[in-house]
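Numbering (the numbering used here), first residue to last: 1 to 336.
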Ligand SMILES: [Zn+2]
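Below, the structure written as structure tokens:
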């Protein structure tokens, strides 16, 4: 059973104390999931910010107010970004410019942000279309999906220009307290979580969320990738932390019950893997697998996420020898 130590519901743009010196800043994002939790941490002579939000005029207004009123124009010491997704990195450069603070990220998330902010070349579009076609998507959807969709075009107007590198296993001092850096792959290539050992606190980003299972996707530029293996490994690694840990996630409520949550996330993926082992007894296309797992009424954005996530499960099964893939123009997946 998860428990939720904070009863008060945060309001958009109004920092709410969740622990001594740690404030949750709820900001709007343009998805079904309507919010992201950012963190404001008391630092020596000022504040450190963890994650920045999705860029929008509304976010600019809210941030301006927070920096002036709540932070009382005190200096911002660091801007820490957990990973490259637009709701996390979107306002990092705006904040860096505004506050003169340095952006801190893992090297791979920094580089991936820059990659994600580029338009696709014609040749990249061909490879991207092939990735969807091979998975059995129709021509109309493939045509719409050849260009970048989702948040980068509007949500990340500028990738961070310069940064300071966060390294797995090292610590970062915030308010003279050490936060241990844990880097994981699966949801993104080098997602940073921050763990305060003495206070049993984990700023988990999207790596562990209380209500939803983070998207685990194979990307068109690494079609044989196995991010689900990386993600499951990260869950095992996180399960070595104390079950007393208070988890500060990027979406949803602050919670206790880390081990239970990790078990549920792991079981969910294993259930999907079992489902695909039986579903693919007769050969199936990728699109049939998407519909089996997520239904057939997906928006274009969710269809692209569904493609990546279905492929992640299939690639995992191929890697452990439980599934075979045949065909070239359109793949067929069949359980061994
Ligand atoms: Zn994310």
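Backbone N, C-alpha and C define an ideal beta-carbon position, used for all residues, glycine too.
By how many angstroms is the C-alpha of residue 282 removed from the C-alpha of residue 134?
As a working mapping, residue 134 is identified with position 134 in the chain shown. As a working mapping, residue 282 is identified with position 282 in the chain shown. Their backbone Cα atoms lie some 18 Å apart in a straight line.
Since residue 252 and residue 209 should fall inside the 8 Å C-beta cutoff, what is the C-beta to C-beta distance between them, to a whole number of angstroms?
Working through the chain shown from its first residue, we reach residue 252 at position 252. Working through the chain shown from its first residue, we reach residue 209 at position 209. Contact between residue 252 and residue 209 holds, since their C-beta atoms are separated by about 6 Å, short of 8 Å.
Buried versus exposed call for residue 295 [16 or more other C-beta atoms within 10 Å across all chains shown]
Taking the first residue of the chain shown as 1, we reach residue 295 at position 295. It is exposed - the Cβ of residue 295 has fewer than 16 other Cβ atoms within 10 Å.
Per-residue DSSP class, three states only, for residue 144
Along the chain shown, read from residue 1 onward, the residue named residue 144 stands at position 144. In the structure shown, residue 144 sits in a helix (DSSP, three-state: H, G or I).
Nearest to residue 191 by CA position, among 165, 174, 40 and 241, is which residue?
By one-based count along the chain shown, residue 191 stands at place 191. Closest option to residue 191, judged by alpha-carbon separation, among 165, 174, 40 and 241: 165.
Are there any heavy atoms of ligand 1 lying less than 7 Å away from the beta-carbon of residue 217, as far as the coordinates show?
Counting from one through the chain shown, the residue named residue 217 turns up at place 217. The answer is no for residue 217.
In the DSSP assignment, the beta strand (DSSP E) including residue 8 goes from what residue to what residue?
Locating residue 8 in the chain shown gives position 8, counting from the first residue. Residue 8 -> no beta strand (DSSP E), and no H or E assigned at all.
For residue 228, tell me which candidate among 238, 220, 241 and 214 has the shortest Cα-Cα distance.
One-based indexing of the chain shown puts residue 228 at position 228. Taking the Cα of residue 228 as reference, the smallest distance to any Cα among 238, 220, 241 and 214 is reached at 214.
Enumerate in chain order the residues of its own chain whose CB-to-CB distance from residue 163 is below 6 Å, with the five nearest sequence positions on each side excluded.
Mapped onto the chain shown, residue 163 falls at position 163. Here the set comprises 103, 105 and 110.
When we look at the beta-carbon of residue 1 and count the other beta-carbons within 10 Å, is it buried (16 or more) or exposed?
In the chain shown, the residue the question calls residue 1 occupies position 1. So residue 1 counts as exposed.
Buried or exposed (CB count within 10 angstroms, at least 16 for buried), residue 61:
Counting from 1 along the chain shown, the entry for residue 61 is found at position 61. Exposed, since its Cβ has fewer than 16 Cβ neighbours within 10 Å.
Residue burial classification, residue 255 (beta-carbon count within 10 angstroms, cutoff 16)
Locating residue 255 in the chain shown gives position 255, where the first residue counts as 1. So residue 255 counts as buried.
What does residue 165 pair with, by DSSP beta-bridge criteria?
Walking along the chain shown from the start, residue 165 turns up at place 165. Per DSSP, 105.
Which partner residues does residue 311 have in the DSSP bridge list?
Position 311 of the chain shown, counted from the first residue, corresponds to residue 311. Answer is none; residue 311 lacks a bridge partner.
Evaluate the contact criterion for the segment 169-179 versus the segment 108-127: three or more CB pairs, one atom per stretch, below 8 Å.
Cβ pair count under 8 Å is below three, so no.
Kindly examine ligand 1 and report whether one of its heavy atoms sits closer than 7 Å to the Cβ of residue 114.
Taking the chain shown and counting its residues from 1, the one referred to as residue 114 is at position 114. In terms of side-chain proximity, the C-beta atom of residue 114 is found no nearer than 7 Å to any non-hydrogen atom of ligand 1.
Does residue 321 pass the burial test, meaning 16 or more other C-beta atoms within 10 Å, or should it be called exposed?
Position 321 of the chain shown, counted from the start, is the residue given in the question as residue 321. Residue environment analysis places residue 321 among the exposed positions, since fewer than 16 neighbouring C-beta atoms fall within 10 angstroms of its C-beta.
Taking 8 Å as the cut-off, decide whether the C-beta atoms of residue 76 and residue 99 are in contact.
Taking the first residue of the chain shown as 1, we reach residue 76 at position 76. Taking the first residue of the chain shown as 1, we reach residue 99 at position 99. Yes.
Beta-carbon proximity check, residue 136 vs residue 288, cutoff 8 Å:
If you number the chain shown from 1, residue 136 lands on position 136. If you number the chain shown from 1, residue 288 lands on position 288. In this structure, residue 288 lies closer than 8 Å to residue 136 by Cβ.
What whole-angstrom Cβ distance do residue 161 and residue 186 have, given they're in contact under 8 Å?
Numbered from its first residue, the chain shown carries residue 161 at position 161. Numbered from its first residue, the chain shown carries residue 186 at position 186. The pair is not a contact, with the Cβ atoms about 28 Å apart (cut-off 8 Å).
Using CA coordinates, which residue listed in 101, 37 and 290 is at the minimum distance from residue 302?
Locating residue 302 in the chain shown gives position 302, counting from the first residue. Per the Cα distances, 290.
Give me the DSSP bridge partner(s) of residue 284.
For the purposes of this step, residue 284 is taken as the residue at position 284 of the chain shown. Note: residue 284 sits in a beta bridge opposite 333.
When DSSP builds the beta bridges, which residues end up paired with residue 50?
Walking along the chain shown from the start, residue 50 turns up at place 50. Per DSSP, 39 and 80.
Closer than 7 Å: is that where the CB of residue 340 sits relative to any heavy atom of ligand 1?
Summary: the structure shown does not reach residue 340, with the chain confined to residues 1 through 336, and so no result is reported for it.
Please go through the same chain and pick out, in chain order, the residues whose beta-carbon is closer than 6 Å to the beta-carbon of residue 42, but skip the five residues on each side of it.
Your numbering for residue 42 matches position 42 in the chain shown. Closer than 6 Å at the Cβ level, and outside the excluded window around residue 42, lie 21 and 175.
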